[in-house]
C-alpha cells in the first residue's frame, strides 16, 4: 500500500475499537474484604495451620495399651494328647502392656508441636502481609494508569479530529502532504504509547483477578479519593519509631523468633528422649507355668548404655545456634527495609509537594494552541511540540502520584501494618 493510500485512510479504520467489557467499580476496603475471604493461597496456608494444630494434639495423646492372647487350639484338635492329671483344660495366656513416657517426654513433644503451629500461624500472617501489599499497590497502580489512559484518550480524540480536518484540506489541495503525515505520525505515537499502558493495565487486572479469585473477566475500576492520597504524610512518624514498630510487628521476624523457640523446646525434648520409656504389664497364664492360673506383673525398660540420644541432642543445639543467627539477620533486614522505604517515601513526597499539580492552565493553553494552529499562526512543528509537552505533563504527574502512593505502601509493607492509609 502506498503512502498516499495510507494517508487517505480514515483514522477510525486504522485503529480498531476495543471490545466492550463489563466494569466493576471497587473501593479498596471492598477489595481487601474479597481478598481475605477468597484468596486461594491464603486459604491453602490456613490448612497448614490446621495441620500443625492437629499434630500438636496428636503429640499429647497417650499410647494405646498392647493386648497379647495365646490359646492352644491347633495341636489339641489334631493330636489330642493325653492331658496330665491335675491340668485345668487347655493352655491360654493373656498379656496386657502399657507404655509410659518418663521425664515429661509426652508433654515436651506436645510443646514442640504446638510451637510449630505458632510458626505456621506467623507464616500465614506473613503471606497475608505480602499478598496484601501486592493487592494494595496493584490497586493504586491500576487507578493511576487508568487516569493516564483518560488523558491519552482525550488527546487522541482531539488529534484525530485535527487529522481528519487536515486530511480534508489536503485533499482540496490547501496544505502539503508532509504536514498530514507529520500529524498522523504523532497520532500513531500517542496510540502506541497508550497501547503500552493498556497492556500494563491488563497485566495488573490479571493480578487483581487472581488475588480476589474472580473469574468473570470484568475490568476493575478502582475508586480512589485523590484528596486523601494528597494528605498522606510522614509527619508524626520518625524513622526510628517505625523501625521499632517493625521489630515488633513484622511477621517474618516473628516467625524466625518462633522457630528459635521451637528449637529450644526441641532440645528439651531430645534431652528427655535420653530417658527410656517404661513398659508396665500384666500376664495371666492358665496352665503353662509352674502353677495353674499364674498371675504376674511385668516391668520393662531399655538400658541406656549405648544410645543416650546424644547425636540428636547435638543436632538440636546446632539448630538453636543457627536459628539465633537467622533471627539477628532478619532483624537487620527489617531495619534496613524500613530505612530504605522511609527514605523512598520522603523523597517521593518531597518531589510531589514541590511540584505544580495544577493542570488547568495547560488545558486552557491547549485550547488556544489548537485555535492558533487552525488559524495557521503556529506551524505543525510548534503545534505538536505544545501537544507533546501537554501530554508529558499529564503522564508524568500521574506517574509521580502513583510512585508516591506506592512508596507509602512499601513503607507500610516494611513496617508490617498499614500505618499510612488513603482509603
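Numbering (this note's numbering), first residue to last: 8 to 430. Even glycine gets a Cβ: it sits at the ideal position worked out from N, Cα and C.
With 16 other Cβ atoms within 10 Å as the buried cut-off, status of residue 386: Residue 386 should be labelled exposed.
Counterpart residues of residue 260 in DSSP-defined beta bridges: According to DSSP, residue 260 bridges with nothing at all.
Length of the line joining the Cα atoms of residue 263 and residue 272: Looking at the two C-alpha atoms, the distance is approximately 14 Å.
Burial state of residue 76, where buried means 16 or more other Cβ atoms lie within 10 Å: By the neighbour-count definition (other C-beta atoms within 10 Å, threshold 16), residue 76 is an exposed residue.
In chain order, each alpha helix (DSSP H) run of at least 4 residues that lies wholly inside the region 248 to 334: List check, alpha helix (DSSP H) in window: 258 to 280.
Bridge-paired residues (DSSP) for residue 75: Paired residues: 102.
Buried/exposed call for residue 123, threshold 16 Cβ in 10 Å: When all chains shown are included, residue 123 counts as buried.
Member of 218, 108, 331 whose CA lies at the smallest distance from the CA of residue 141: Of 218, 108, 331, the residue nearest in Cα terms is 218.
Sheet register partners of residue 32 (DSSP bridge): Per DSSP, 228.
Every unbroken beta strand (DSSP E) inside the region 172 to 243 [3 residues or more]: Runs found: 226 to 229.
Host alpha helix (DSSP H) of residue 426 (start-end): Note, residue 426: premise wrong, no alpha helix (DSSP H); not H, not E.
Cα-Cα separation between residue 177 and residue 193, rounded to whole angstroms: Each residue's CA atom was taken as its position, placing residue 177 and residue 193 some 17 Å apart.
At least three beta-carbon pairs within less than 8 Å, the region 293 to 300 to the region 165 to 184: Short answer: they don't touch.
Residue environment, residue 144, which counts as buried when at least 16 other CB atoms sit within 10 Å: Per the 10 Å Cβ criterion, buried.
Rounded distance between the beta-carbons of residue 352 and residue 429, thought under 8 Å: Their Cβ separation, rounded to whole angstroms, is 13 Å, which puts residue 429 and residue 352 out of contact at 8 Å.
Sequence-distant residues of its chain with Cβ nearer than 6 Å to residue 422 (five each side left out): Beyond the five residues adjoining it in sequence on each side, residue 422 comes within less than 6 Å, by CB distance, of 249, 252, 253 in the same chain, given in chain order.
Candidates 416, 101, 281, 36, of which the one nearest residue 289 by Cα: Selected option, being the one with the closest Cα: 101.
Residues that residue 394 bridges to, as DSSP identifies them: The partner list for residue 394 (beta bridge, DSSP) is empty, contrary to what the question assumes.
Span of the alpha helix (DSSP H) around residue 64: That run of the alpha helix (DSSP H) goes 47 to 66.
Buried/exposed call for residue 396, threshold 16 Cβ in 10 Å: Flag for residue 396 reads exposed.
Nonlocal neighbours in the same chain, by C-beta distance under 6 Å from residue 344, ignoring five residues either side: In its chain, beyond the 5 residues on either side, 421 have a beta carbon closer than 6 Å to the beta carbon of residue 344.
Given 8 Å, three or more beta-carbon pairs between the region 178 to 188 and the region 144 to 162: Touching, no.
Inter-residue spacing [alpha-carbon to alpha-carbon] between residue 409 and residue 388: Answer to the nearest angstrom: the Cα atoms are 31 Å apart.
Those residues which DSSP pairs with residue 107 across a bridge: Beta-bridge pairing links residue 107 to 285.
Sequence-distant residues of its chain with Cβ nearer than 7 Å to residue 317 (five each side left out): Result list for residue 317: empty, nothing under 7 Å.
Outcome for residue 510 when other beta-carbon atoms lying within 10 angstroms are tallied against a minimum of 16: In the structure as shown, the chain begins at 8 and stops at 430. Residue 510 is therefore absent and cannot be evaluated.
Between the CA atoms of residue 38 and residue 226 - distance to the nearest angstrom: For residue 226 and residue 38, the gap between their C-alpha atoms comes out near 13 Å.
Where residue 119 falls, given that 16 or more other Cβ within 10 Å makes a residue buried: Looking at its Cβ environment, which holds 16 or more other Cβ atoms inside 10 Å, residue 119 is buried.
Reduced DSSP category for residue 80 - H, G, I as helix; E, B as strand; rest coil: Per DSSP, reduced to three states, the secondary structure at residue 80 is coil, with no helix or strand assignment.
Beta-carbon proximity of residue 151 to residue 405, cut-off 7 Å: Yes, these two residues count as a Cβ contact at 7 Å.
Cβ pair residue 330, residue 266 closer than 7 Å: Yes, these two residues count as a Cβ contact at 7 Å.
Cutoff 6 Å; reference residue 355; Cβ partners in own chain excluding five residues on either side: Taking residue 355 as the centre and dropping the five residues before and after it, the same chain places the C-beta of 410, 411, 414 closer than 6 Å to its C-beta, in chain order.
Sequence-distant residues of the same chain with beta carbon closer than 8 Å to residue 426, five excluded per side: Shown here for residue 426: same chain residues with a beta carbon closer than 8 Å to its own, the five before and five after excluded, namely 244, 249, 252, 418, 419 in chain order.
The region 62 to 71 contacting the region 99 to 116, beta-carbon criterion three pairs below 8 Å: With a cut-off of 8 Å on Cβ pairs, the region 62 to 71 is in contact with the region 99 to 116, counting three or more such pairs.
Residue 235 versus 147, 261, 308, 213, residue with shortest Cα-Cα distance: Out of 147, 261, 308, 213, 147 has the C-alpha closest to the C-alpha of residue 235.
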